[in-house]
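Below is one structure, written out as structure tokens; the observations come after it.
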Amino acid sequence: MQITTTFRHMEPSDPLKSYAEEKLERVKKYIDEPIVAQVFLTVEKIRHSAEVTITAKGITMKASEETNDMYAAVDAVVDKIERQLRRYKERIKAHKPATDTRERLVQKSIVEAESIEQQREPVIIRTKTFSLKPMSVEEAVMQMDLLHKDFLVYTEAATENINVIYRRKDGNYGLIEPNKE
Numbered sequence: 042m043q044i045t046t047t048f049r050h051m052e053p054s055d056p057l058k059s060y061a062e063e064k065l066e067r068v069k070k071y072i073d074e075p076i077v078a079q080v081f082l083t084v085e086k087i088r089h090s091a092e093v094t095i096t097a098k099g100i101t102m103k104a105s106e107e108t109n110d111m112y113a114a115v116d117a118v119v120d121k122i123e124r125q126l127r128r129y130k131e132r133i134k135a136h137k138p139a140t141d142t143r144e145r146l147v148q149k150s151i152v153e154a155e156s157i158e159q160q161r162e163p164v165i166i167r168t169k170t171f172s173l174k175p176m177s178v179e180e181a182v183m184q185m186d187l188l189h190k191d192f193l194v195y196t197e198a199a200t201e202n203i204n205v206i207y208r209r210k211d212g213n214y215g216l217i218e219p220n221k222e
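All the letters of the sequence shown, read from the start, carry residue numbers 42 to 222 under the working numbering.
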């Protein structure tokens, strides 16, 4: 497991860093290697917040917690990540794994701010790179929930079409599928 710890608005502390790493070792039982974890520890006046982002086997999970004590925030955020991983593992057991393991790579580009001011038409400010593995609708909903996003673009495992799943205002989900005729 590769863990990166970032301290914001506070002095780096080796005991706190090792405490966070020790707590994150618990997630190994839920998912196989390789696991990349990023830990952000922030202090703002009396609020101590811990944020963890874990990337493993094509999935990404995020969680954050705020308390009055940094150690309590680390405990709470690791518990939250552990619950997410447990739920993910249970859902995976219920689904048949996809036989196609090909992944597509989406490119990332950033436009300079100076060129935006000179343009009259809307421009794309930022594009994000992520690997796009074929998945079912249920897996896409699960991934969207784990990332705390309102929509997700994914490749349907059965048809290999690019679909969009989104969260509706009423709490349900919508699916946009291309019509190939």
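A virtual CB, placed ideally from N, CA and C, is assigned to each residue, including glycine.
- Under the criterion of beta carbons closer than 8 Å, Q43 and V77 qualify as touching, at roughly 5 Å.
- According to the DSSP assignment, V194 belongs to no alpha helix (DSSP H) but to the beta strand (DSSP E) extending over 192 to 197.
- Across the structure, E107 and K174 are spaced so that their CA atoms are roughly 33 Å apart.
- The continuous beta strand (DSSP E) containing Y214 extends over residues 214 to 217.
- For M111, the number of other beta carbons within 10 angstroms of its own is at least 16, and it is reported as buried.
- The three-state reading of DSSP puts P56 in helix, counting H, G and I together.
- Assigned with DSSP and collapsed to three states, K134 falls in helix.
- Rounded to whole angstroms, the gap between the alpha carbons of K121 and E201 is 33 Å.
- Nearest to P75 by alpha-carbon distance, out of I133, E218, L82, T101, is T101.
- DSSP lists R49, S90 as the bridge partner or partners of T83.
- Ranked by Cα distance from L187, the first of M51, G99, E197 is G99.
- Assignment of I206 by DSSP, reduced to helix, strand and coil, places it in the strand class.
- Shown here, E107 sits in a strand according to DSSP, grouped into three states.
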